[in-house]
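Here is the structure we will look at, set down as structure tokens.
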Amino acid sequence: MNKIILFNKLTVWALACAAIWGAVGCADDIENRNQAQNGDVQVGFEVSSAQDEMLQNDQASLTRSAVQERPYDSELELEDFAPRVHKAEPHDGQDVYLIESTVEGINPIKPEPGTRGEVEKVFTHSFSTLGYRGETVSTISQTPNYFYNEETLKTGALVKPILWAWGQRYARFYGVSPQVKNTDQNLILSPRSHTGTPYVDFKVNPDITKQVDLMTAYSGDVTYATRGVAPSSSLKFYHALTAVSFSVGSNLSYPDKIKKIEIKQVLSKGRYFFQTTADGKFAEWKGLSDPQTFTLDNIDIQTKNVPGQRIVGTGTDNYTFLMIPQTLNNVEVVITLATGNPIKIKLNGEWKKGTSKSYRISNTDSGWTYTILTDSPVAADASDPVSQNYAVMSYRTDRAGSEQAVKWKVVGYSTDGGATFKQEKPDWLVSLSKTNGDGGGYKEVGNAQLNNTNANVGLNQLNQNMRNATQRGTEASPYDLSMHDVKGAPTKQNTANCYVISAPGYYKLPLVYGNGIKDGNKNTIAYSPKVTGAKVLSDFVDHAGQAITSPYITTANSGGKYNATSAKVMWADANGLVVNPTVSNGYLHFQVPNTFQNGNAVVAVVGDGGKVLWSWHLWFAPDFVLDPITVRNKEGMSYTFPFESVGFKYTSYNGPAQQQRSVLVKVEQEVKNKGEKAFATFTITQRGAGATREGTSMLYQFGRKDPFPGITTQVPVGTIKRKPFTASAQTDVTISKTILNPNLVYANSPITDWDNHFSYINLWSATNKVKTLNDDKVVKTIYDPSPVGFVVPSSNAYSGFTTTGVLATAVANFKVTGAWNKGWNFIAENGQKIFFAETAWLGSNDGNYYNSTPTGYYWVAVPSTHDQNSTGYCLQIRSNQIDPAARIFQKANAFAVRPMKEK
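Have a look at this one:
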């Protein structure tokens, strides 16, 4: 039996590593508690979970591995488990369905035979208890006269010891998890004066990342029969909510990406009365109200290649919806895709407490009888020899709701995002502890044994590894940078001002303004946001100062205005990076020889009269430079940054050759359904160990798209020019001039924006109208310097780098690990760290390099209020100072950009 205290959002779907513990495991605690020294003994509890008892019960396990004859919970009926089909509104000419399946329990995990887990490894939170007592059973108080809302530890011991009294030997106890705190307005316990069965007023947290499960327990009548010997006081917890999750069906026929899932018109408030019997019966919800929308966003899930894998967030998130049980009236699911219209489905039926609902997105309504679902473990650390648990649930259900287990097995591995599957595992994945299972209406779990002996390499080897990588593209068929992600997996077309290149080959990139194409469609808001207001650019402009009305630059594509005549390298910080740049059929072509190295180049397309029409930053670096690291700011918002700032060039490196690696594992059922076997996938990810490195940063004037190297010398290829302040500079520098001259730093003084007459506040966030610190969405623009999928950060993104969220000058208030080493390692989520290097800067008055006091400056997307037009917010770091939102620095300065994952 498990001691259950609190299931938070991460544990609801990720406690696959938890075993079940029994009475034997708690013998020491009970023995110590029961020994009286003088007088009466302390009140304490044996804490268990009804759900785990269900799974441990031999008959229940047998039932679920054959045919489900009856639910374990006597308040549930067999028809509660009957599958349902919910048809969507017509969607882009295709039928779409949600296939609903139901299992008993919240995260039901099959226990290993004979196992008993240690409670300390499973639960970490306290819960609340209430005590009622009397001189006889019939005179036990109807109000909590013994104790009220007492904090109780996971061991069953009260934090504040309370003794049994021989004069009032009869008692009843109630428990509720999580612990009820006065500061939590989402969970309020019935008052001390309440007569009868206690209750909680519960409100579902609108932030899915902060939702917690609700469980209650009732002891029944307890008698203190032998003085000096504590009676057996059991609190068996029962789940009060419904878990709701979504997954992709194996028969979804069209490729796309799921960006957001919303459940609308869900009743979010209610009063829950505790059970009135020790076996959990007669608990009930009353007075449900307040329909709300609950959202799982910031996701990027392919509708192909990941069937059956639960949609649970991004990165290391592992979230599901925890909802109040209710009859579904006017409840609607809205699934937002990267392309096309949202999918809208009305739900009917009922959510019952203590059950888990799974909705699979499908193109057919005939595959509902066979279900295979998976959970992926959170990413393992580089030093971990074993991952956390993955889980597989496999069964079939007939129309009456009778459930039958279906055996499953692992059939393949993919390291290219699911494009291809092979029988061979990657070398770093040593083995899987469970490669097949019997199936059933619970999760069967396993873990991955990992190679955690990553050998470090130096900069020379890092460069050699890139040179030795498989060539991409051929002269006849160049590799399209806009049609692949940084790891080389095929995608829909996505364009940007920066592309990462990690292998030799023949390449091409489309002649498109910045991020003018997103997920295969015109990204109109990036160049024509149509916002109005003071210092707001409604239509972004091209090299000629004309409003951009199409993502395409040249006449090779419909909507393009200009004739491309040639291509050229504006500058490069290393020799031999780009060979033979040309233009053809709406693309810029070039070769990367197998002698290239880590570095940067800016290439441009040239039009009539030799004018630069647009330019792009090519960042030659290992593909791990974009590996994600998530941090949480002072306000509790999550931001995911890449491993390096844009264009960071190593001057020294000591670390693993890969920073993060993943494999997609394919599992399939062994029984065919209409000639085909249902399958699903889960992902095993191992994080890198980090690296000790130094280097130079690419630096950007605020609002501009083109980088300048943070070096004191001239570049070996091309030139970097600096235009110091002159009186005419105040009137003749425009956005179009910076496009024409991507290698020219424009200085200005005393009004120190490079373009003080056109100091627009939305150059890096298309719909921005403010100069405040906020967590608002940054809408990427065609002037954004970030690679595909990233964007210049929100102004509040770095507030978690100090304990106060603001300027700190004492190291004790820095949220860092280790000492200053030409930068700081900040504390990130899930035990990771993220390194921000000193960057130097190019001065606003003259464009020259400065770093007399070693400093790191990192722009965010929003200008500051320090000066009406000429300053912007940035992160400033020094050995003795961290300012998450410095606001006094002029926009003509050139600082680094550490982009965040686009939301």
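Count the sequence shown with mature numbering (1 follows the signal peptide of the UniProt record, and there is no 0) and you get residues -18 to -1, 1 to 885, in order.
Where is the CB? At the ideal position from N, CA and C, for every residue including glycine.
Computed from a predicted structure; not experimentally measured.
Sequence-distant residues of its chain with Cβ nearer than 8 Å to residue i (five each side left out)
{"i": "A260", "result": "Y200, S201, G202, S216 and K218"}
{"i": "N830", "result": "R704 and L824"}
{"i": "G541", "result": "T531, S532, P533 and Y534"}
Beta-carbon proximity check, residue i vs residue j, cutoff 8 Å
{"i": "Q683", "j": "A876", "result": "yes"}
{"i": "I245", "j": "F303", "result": "yes"}
{"i": "E617", "j": "D757", "result": "yes"}
{"i": "P689", "j": "N807", "result": "no"}
{"i": "Y301", "j": "I190", "result": "yes"}
{"i": "S464", "j": "Q475", "result": "yes"}
{"i": "T536", "j": "V588", "result": "no"}
{"i": "residue 886", "j": "L595", "result": "The chain is shown only over -18 to 885; residue 886 falls outside these bounds and no answer can be derived."}
{"i": "F796", "j": "T784", "result": "yes"}
{"i": "H525", "j": "P767", "result": "no"}
{"i": "V613", "j": "I816", "result": "yes"}
{"i": "T309", "j": "K241", "result": "no"}
{"i": "L171", "j": "V186", "result": "no"}
Euclidean distance between Cα positions of residue i and residue j
{"i": "H680", "j": "T397", "result": "The sequence given here has Met at residue 680, not His. Whole-angstrom Cα-Cα distance: 31 Å."}
{"i": "L789", "j": "Y780", "result": "11 Å"}
{"i": "A554", "j": "F602", "result": "11 Å"}
{"i": "P836", "j": "N862", "result": "10 Å"}
{"i": "L37", "j": "S376", "result": "16 Å"}
{"i": "T205", "j": "Y152", "result": "5 Å"}
{"i": "A458", "j": "T564", "result": "14 Å"}
{"i": "T125", "j": "G149", "result": "18 Å"}
{"i": "V25", "j": "E59", "result": "37 Å"}
{"i": "Y855", "j": "K404", "result": "49 Å"}
{"i": "S566", "j": "Q453", "result": "21 Å"}
{"i": "N323", "j": "Y635", "result": "46 Å"}
{"i": "V798", "j": "S627", "result": "18 Å"}
With 16 other Cβ atoms within 10 Å as the buried cut-off, status of residue i
{"i": "A729", "result": "buried"}
{"i": "L145", "result": "exposed"}
{"i": "N744", "result": "buried"}
{"i": "I611", "result": "buried"}
{"i": "E356", "result": "One point to set straight first is that residue 356 is Thr, not Glu, in the sequence displayed. That one is buried."}
{"i": "W350", "result": "Here the model assigns W350 a pLDDT of 49, short of 50, so the residue's position is not dependable and the matter cannot be decided."}
{"i": "A385", "result": "Note that residue 385 is Glu in the sequence shown here, rather than Ala. So E385 ends up on the buried side."}
{"i": "V307", "result": "According to the sequence shown, residue 307 is Pro rather than Val. By the 10 Å Cβ count, P307 comes out buried."}
{"i": "residue 886", "result": "Because the chain is modelled from -18 through 885, residue 886 falls outside the range shown and cannot be assessed."}
{"i": "R686", "result": "buried"}
{"i": "V119", "result": "exposed"}
{"i": "R869", "result": "buried"}
{"i": "N725", "result": "buried"}
{"i": "A207", "result": "exposed"}
{"i": "T678", "result": "buried"}
{"i": "R209", "result": "exposed"}
Contact set for residue i: own chain, Cβ-Cβ below 6 Å, skip 5 residues either direction
{"i": "F228", "result": "I243, I293 and Y341"}
{"i": "K469", "result": "D605"}
{"i": "N418", "result": "K391"}
{"i": "V226", "result": "F303, M305 and K339"}
Any C-beta of chain C under 8 Å from that of residue i
{"i": "G800", "result": "No chain C is part of this structure, which consists of one protein chain only."}
Limits of the beta strand (DSSP E) - the one that residue i falls within
{"i": "S597", "result": "V594 to F602"}
{"i": "D612", "result": "The sequence given here places Thr at residue 612; Asp does not occur at that position. Where T612 is concerned, the enclosing beta strand (DSSP E) stretches over P610 to R614."}
{"i": "N582", "result": "G581 to G589"}
{"i": "N438", "result": "N438 to G440"}
{"i": "W146", "result": "Segment: none, W146 is in no beta strand (DSSP E) and carries neither H nor E."}
{"i": "R378", "result": "Y372 to T379"}
{"i": "Q642", "result": "Q642 to Q651"}
{"i": "G394", "result": "W390 to S396"}
Cut-off 7 Å between Cβ atoms - residues of its own chain near residue i, not counting five sequence neighbours on either side
{"i": "F256", "result": "Y156, T179, P180, Y181, T198, Y200 and A265"}
{"i": "K326", "result": "A70, E71, E314 and V316"}
{"i": "A529", "result": "D521 and V523"}
{"i": "H221", "result": "Q33, I88, D195, M197, K335 and G336"}
{"i": "T514", "result": "S520"}
{"i": "Q573", "result": "Y488, V561 and N562"}
{"i": "G428", "result": "N371, Y372, L414, S415 and K416"}
{"i": "H466", "result": "P472 and T473"}
Host alpha helix (DSSP H) of residue i (start-end)
{"i": "I717", "result": "I717 to L722"}
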